[in-house]
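S.K.:
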Amino acid sequence: MNTPLIDPFQRAITYLRVSVTDRCDFRCVYCMSENMTFLPKKELLTLEELDRMCSTFIRMGVKKLRITGGEPLVRRDIMTFFNGMSRHLEAGDLEELTLTTNGSQLARFAKDLYAAGVRRVNVSLDTLDEEKFAKVTRWGRLPQVMRGLDAAQEAGLKVKLNAVALKGFNEDELFTLTEFCRDRGMDLTWIEVMPMGDLGNEDRLDQYWPLTDLRRQLAERYTLTELAERTGGPARYVRLEETGQKIGFITPLTHNFCESCNRVRMTCTGELFMCLGQEDMADLRPALRNHPGDDAPLEAAIHRAIGLKPKGHDFDYSRQRPDGQMSRHMSHTGG
Ligand code: SAM
Ligand code: SF4
83 MNTPLIDPFQ RAITYLRVSV TDRCDFRCVY CMSENMTFLP KKELLTLEEL
133 DRMCSTFIRM GVKKLRITGG EPLVRRDIMT FFNGMSRHLE AGDLEELTLT
183 TNGSQLARFA KDLYAAGVRR VNVSLDTLDE EKFAKVTRWG RLPQVMRGLD
233 AAQEAGLKVK LNAVALKGFN EDELFTLTEF CRDRGMDLTW IEVMPMGDLG
283 NEDRLDQYWP LTDLRRQLAE RYTLTELAER TGGPARYVRL EETGQKIGFI
333 TPLTHNFCES CNRVRMTCTG ELFMCLGQED MADLRPALRN HPGDDAPLEA
383 AIHRAIGLKP KGHDFDYSRQ RPDGQMSRHM SHTGG
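Be aware that the sequence shown starts at 83, since it is given in the numbering used here, and climbs by one per residue.
This is the structure:
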């Protein structure tokens, strides 16, 4: 029996987010630059390595696995990985297998995902306007994502929409997005834009729409009831009394959620980030690759890494300057 993953601040690590690729079929302006250089394929963990890595974490107490990217559904043969993980669901060792996707490939994969044991998906969608969608994703097409949403719901997947709140971009869609989700029985979570990647010409302070403002606008039309629900992450939820909808707010910049943090993130190359807002990481790939057939060195490396999990992050917009800005892109750590 492995000792459970407890970090130095007595937080149990039960949630692993895994990026399975750094590639994507979109180029969202707040996430990627137009001309991205992606990792050479040989740097990536193979599907077998991803399986071994995740299975090791599950043996060590991880109960929830979220697959992300880049766009997870553009990784070749990704269903092989999902099908492999379903054995842990069947055995009762894993409680939830889920993914965050841009929705572009859901029409193709929704049924297979359900068959593999996935029950919920997060789909990122910032606007319901075709032209604005093309603009913010650069390469995306809205009708394709809409077909993906239909397919996901038809397959029986519960869908939550994630929208990045962008000043001057989707402020005017606060209510249309809310009503869209109400009509389709989907939850909606707003994410405050984070200072990831190189800001370059696209200074994200220009795009920063604080969720306190969004929430205030919502409260002008609806009665908001704060929900006690906590996920161990930066999300807070309210219920709209008039519609019964659940609306989430992810405010990593303005809220300190670190004390209840239960998660770590792994990149597609096997780097483990203990905190979204810190550069500290542990490279687990050598322990995996250099010891085929022996998981003990990998387990030791994971324990060492969790022992380095920091107390909290350093994001700070309070001085109107993105202090603590991270140099890596969201597509690298998987958001
Ligand atoms: N491609 C998938 C998707 O878009 O859902 C999964 C990966 S994406 C990096 C995960 C989430 O991160 C998406 O909801 C996306 O909107 C969000 N994201 C990307 N860059 C962000 C930023 N700078 N600030 C806040 N959220 C961001
Ligand atoms: Fe791709 Fe998701 Fe990043 Fe958009 S947010 S570029 S869909 S990885």
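All C-beta atoms in this analysis are idealised placements derived from N, C-alpha and C, irrespective of residue type, glycine included.
Any heavy atom of the ligand SAM closer than 6 Å to the Cβ of Tyr-290?
M.R.: No - the ligand SAM has no heavy atom lying nearer than 6 Å to the Cβ of Tyr-290.
S.K.: Between the alpha carbons of Val-156 and Met-118, how many angstroms are there, rounded?
M.R.: Going from the Cα of Val-156 to the Cα of Met-118 covers about 16 Å.
S.K.: Contact check, Phe-331 vs Leu-293 under 8 Å by CB: the rounded distance?
M.R.: The pair is a contact, with the Cβ atoms about 5 Å apart (cut-off 8 Å).
S.K.: Say whether the region 264-276 touches the region 218-229, bearing in mind that this needs 3 or more beta-carbon pairs closer than 8 Å, one atom from each stretch.
M.R.: Output reads no: the region 218-229 does not touch the region 264-276.
S.K.: When the Cα atoms are used, what is the spatial distance from Arg-298 to Asp-376?
M.R.: The alpha-carbon atoms of Arg-298 and Asp-376 are separated by roughly 54 Å.
S.K.: Does the pairing of the region 164-176 with the region 203-213 give three or more beta-carbon distances under 8 Å?
M.R.: No, the region 164-176 does not touch the region 203-213.
S.K.: Does Trp-291 pass the burial test, meaning 16 or more other C-beta atoms within 10 Å, or should it be called exposed?
M.R.: Classification for Trp-291: buried.
S.K.: By DSSP, does Phe-163 sit in helix, in strand, or in coil?
M.R.: Of the three classes helix, strand and coil, the one that applies to Phe-163 here is helix, per DSSP.
S.K.: What number of angstroms, rounded off, separates the C-alpha of Ala-234 from the C-alpha of Leu-243?
M.R.: Taking the straight line joining both Cα atoms gives about 12 Å.
S.K.: Compare the Cα-Cα distances from Thr-41 to each of Thr-182, Asp-365 and Val-102 and report the closest residue.
M.R.: For the chain, the structure presents residues 83 to 417; residue 41 sits outside this window and is missing.
S.K.: Going by beta carbon distance, what residues of the same chain come within less than 6 Å of Tyr-97, once the five residues before and after it are set aside?
M.R.: These residues qualify, in order along the chain: Lys-146, Asn-344 and Arg-345.
S.K.: Please list, in chain order, all residues of the same chain as Gly-282 whose beta carbon is under 6 Å from its beta carbon, the five residues on each side excluded.
M.R.: Residue placement at Gly-282 is poorly supported in this model, since its pLDDT is 45, which falls under 50; the coordinates are not used for a value here.
S.K.: In whole angstroms, what is the alpha-carbon distance linking Ala-364 and Phe-257?
M.R.: Spanning the two alpha carbons is a distance of roughly 42 Å.
S.K.: So which of Gln-187, Asp-194 and Leu-195 has the shortest CA-CA distance to Arg-223?
M.R.: Selected option, being the one with the closest Cα: Gln-187.
S.K.: Pull up the distance between the alpha-carbon of Cys-136 and that of Ile-384, whole angstroms please.
M.R.: Cys-136 and Ile-384: Cα-Cα distance of roughly 11 Å.
S.K.: Could you check what DSSP says for Lys-146 in three-state terms: helix, strand or coil?
M.R.: Residue state, collapsed to three classes: strand.
S.K.: Within its chain, find whatever has a CB closer than 8 Å to the CB of Ile-88; leave out the 5 residues flanking it on each side and keep chain order.
M.R.: Hits under 8 Å: Ala-94, Ile-95 and Ile-388.
S.K.: For Pro-86 and Gln-92, I'd like the C-alpha separation in whole angstroms.
M.R.: Each residue's alpha carbon lies about 11 Å from the other.
S.K.: Check whether the Cβ of Gly-143 lies closer than 7 Å to any Cβ atom in chain D.
M.R.: The question asks about chain D, but that chain is absent: this structure has only one protein chain.
S.K.: Start and end of the beta strand (DSSP E) containing Lys-328?
M.R.: Per DSSP, Lys-328 belongs to the beta strand (DSSP E) from 328-332.
S.K.: Where do the N-terminal and C-terminal ends of the beta strand (DSSP E) with Thr-138 fall, by residue?
M.R.: Premise fails: Thr-138 lies in the alpha helix (DSSP H), 129-141, not in any beta strand (DSSP E).
S.K.: Less than 7 Å separating the beta-carbons of Asp-133 and Phe-120?
M.R.: Taking 7 Å as the Cβ cut-off, Asp-133 and Phe-120 do not qualify as a contacting pair.
S.K.: Can you check DSSP and say which residues form a bridge with Lys-217?
M.R.: According to DSSP, Lys-217 bridges with nothing at all.
S.K.: Taking 6 Å as the line, does the beta carbon of Gly-330 fall inside it for any heavy atom of the ligand SAM?
M.R.: For the ligand SAM, not one heavy atom lies less than 6 Å from the Cβ of Gly-330.
S.K.: Assuming Val-200 and Asp-208 form a contact by the criterion Cβ under 8 Å, report the distance between their Cβ atoms to the nearest whole angstrom.
M.R.: The Cβ separation is near 23 Å, so there is no contact.
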